[in-house]
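Below is one structure, written out as structure tokens; comments come after it.
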């Protein structure tokens, strides 16, 4: 599909020339992998990864260096990712239409006693990835072994450039209200979860409850939500000089990619909304009262996460308003580490324990 005459693109819309560039970029991939394999033994951090994981990370990093529309073209929509994953895993496809062009995808059957409400990452411009779905299936199965039956609801929200703030926030609020009001799930039986931009969106929901955004439905909680799990949360989209420079050669995305994506998302958003979409730039009192919104919060990052420095700067600021905030820094971990590491890794198991403890205590 070619760009429209007005140059206003839709998700994944690429020109013929951009498709040719994708082909050339993919042709370079074997050489990029080969070169990185030669230099692999030089870095102790890299040698701790299995070789196939090293190849995966190099491949993903190379492809993400394409333009936004090109990466979207290769990735497809969230619905396609979910259905392909469900077919591979031989699990049912369970979809609920929320309106506002948003949907809930359930992992396995729909359960409304206890729910993890997952908001996927992808910089607000990419779909969720299959590794995230597999991670949540692992969490669900392991909790079931402990007698904790959990439904996992995954939100599909509209991506850039088809929508920008506050549309994803409105869709996330719609999903949460559906769980609370239509399915009757107690706030104490809901744990929010989000990675990267999804972590940003979880913080947007919390901010909206504290400081309602005009024209976005309000949420009234009878009790606090049980938990919020933030994996490599994207708390700063501009001022990218604060990103961890030492992670630039090891993480899944490069500094230039993160900078380009962040600028695209914040462009044209009025300054009044900065605290919602860039939590690190919020006033110090912004999250006052958050302990009445959510009982407990776990943030995770890794030594090699490009966003590590911004997360470790944000966490103590957030913790001044909440007594039950934990920060886990994964040794040699990358961006969204829990989704890509072995399910027997400490970061995966500690995340599992955190969810189990939350559901056991109510």
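Numbering (full-length UniProt numbering), first residue to last: 1 to 362.
Here a beta-carbon is modelled for each residue, glycine too, at the ideal position from N, C-alpha and C.
| message | Using the three-state DSSP reduction, which class does residue 346 fall into: helix, strand or coil? | response | Residue 346 falls in the helix class under three-state DSSP.
| task | Please work out which residues of its chain come closer than 8 Å, Cβ to Cβ, to residue 316, disregarding the five sequence neighbours upstream and downstream, and give them in chain order. | result | Same-chain partners within the cutoff: there are none.
| query | Considering only residues of the same chain and omitting the five flanking positions on each side of residue 319, which have a CB-CB separation below 6 Å? | reply | Excluding sequence neighbours, residue 319 sits near 325.
| request: Give the DSSP-derived three-state secondary structure of residue 28 in the structure shown. | output: Residue 28: helix per DSSP, three-state reduction.
| task | Express the C-alpha separation of residue 14 and residue 3 in angstroms, rounding to a whole number. | result | Note that residue 3 scores a pLDDT of 38, beneath 50, so its modelled location is shaky and nothing firm can be said.
| Supposed close pair residue 192, residue 228 - CB separation, criterion 8 Å | A Cβ-Cβ separation of about 5 Å places residue 192 in contact with residue 228 under the 8 Å criterion.
| message | In this structure, how does DSSP classify residue 117 when only helix, strand and coil are distinguished? | response | Three-state result, residue 117: strand.
| Under the three-state reduction of DSSP, which class applies to residue 163: helix, strand or coil? | Looking at residue 163 - three-state DSSP - the assignment turns out to be coil, as it is neither helix nor strand.
| With 16 other CB atoms within 10 Å as the buried threshold, where does residue 1 fall? | Confidence is the limiting factor: at residue 1 the pLDDT is only 36, short of 50, which leaves the residue's position unreliable, though a coordinate-based value still follows. So residue 1 counts as exposed.
| Count the other CB atoms within 10 Å of the CB of residue 75; is the residue buried (16 or more) or exposed (fewer)? | So residue 75 ends up on the buried side.
| What's the gap between the Cα of residue 265 and the Cα of residue 164? | Approximately 7 Å between the Cα atoms of the pair.
| field | Best match in 175, 331 and 295 for proximity to residue 250 [C-alpha to C-alpha] | value | When C-alpha distances from residue 250 are compared across 175, 331 and 295, the shortest belongs to 331.
| Three-way DSSP call (helix, strand, coil) for residue 304 in this model | Residue 304 falls in the coil class under three-state DSSP.
| task | Would you identify the three-state DSSP class for residue 353, choosing helix, strand or coil? | result | Collapsing the DSSP output to three states places residue 353 in a helix.
| message | Once the 5 residues before and after residue 33 are set aside, which same chain residues still bring their CB inside 7 Å of it? | response | Answer for residue 33: 55, 58 and 59, listed in chain order.
| said: For residue 25 and residue 63, I'd like the C-alpha separation in whole angstroms. | reply: Taking the straight line from one Cα to the other gives about 8 Å.
| For residue 191, which three-state DSSP category applies? | Reduced to three states, the DSSP call for residue 191 is strand.
| task | Just confirm the distance between the C-beta atoms of residue 142 and residue 102, as a whole number of angstroms; I'd bet it's less than 8 Å. | result | The C-beta separation of residue 142 from residue 102 comes to about 28 Å, leaving the pair out of contact by the 8 Å criterion.
| said: To the nearest angstrom, how far is the alpha carbon of residue 344 from that of residue 148? | reply: Near 19 Å, if we compare the C-alpha coordinates of residue 148 and residue 344.
| said: Please identify the residue among 52, 94 and 167 whose C-alpha is closest to the C-alpha of residue 100. | reply: When only C-alpha atoms are compared, the closest one is 167.
| task | Starting from the C-beta of residue 216, find all residues in its chain whose C-beta is less than 7 Å away, skip the five residues before and the five after it, and write them out in chain order. | result | Here residue 216 has 166, 169, 170, 173 and 208 as same chain residues with Cβ atoms under 7 Å from its own Cβ, once five neighbours each way along the sequence are excluded.
| query | Under a three-way DSSP split, which group does residue 123 fall into? | reply | Correct three-state label for residue 123: coil.
| Considering only residues of the same chain and omitting the five flanking positions on each side of residue 8, which have a CB-CB separation below 6 Å? | Within the same chain, residue 8 has no close Cβ partners at all.
| Alpha carbon of residue 61 to alpha carbon of residue 257, nearest angstrom | CA-CA distance, residue 61 to residue 257, rounds to 9 Å.
| query | How long is the line joining the alpha carbons of residue 30 and residue 51, rounded to whole angstroms? | reply | Residue 30 and residue 51 have their C-alpha atoms some 15 Å from each other.
| field | Distance, residue 361 Cα to residue 323 Cα | value | Taking the straight line joining both Cα atoms gives about 17 Å.
| message | According to DSSP, is residue 73 part of a helix, a strand, or is it coil? | response | Shown here, residue 73 sits in a helix according to DSSP, grouped into three states.
| query | Can you check whether the CB of residue 304 is closer than 8 Å to the CB of residue 334? | reply | Residue 334 places its beta carbon less than 8 Å from that of residue 304.
| task | Return the residue from the list 273, 237 and 255 that minimises the CA-CA distance to residue 214. | result | Residue 273 is the option with its Cα nearest to residue 214.
| request: Compute the Euclidean distance between the alpha carbons of residue 198 and residue 236, then round it to the nearest angstrom. | output: Annotation: residue 198 to residue 236 spans about 13 Å, alpha carbon to alpha carbon.
| Endpoints, the beta strand (DSSP E) within which residue 366 is located | Past the edges of the chain, shown from 1 to 362, lies residue 366, and the structure says nothing about it.
| query | What residues in its chain sit with their C-beta under 6 Å from that of residue 221, if we drop five residues either side in the sequence? | reply | Counting only Cβ-Cβ distances below 6 Å, and skipping sequence neighbours, we find 187.
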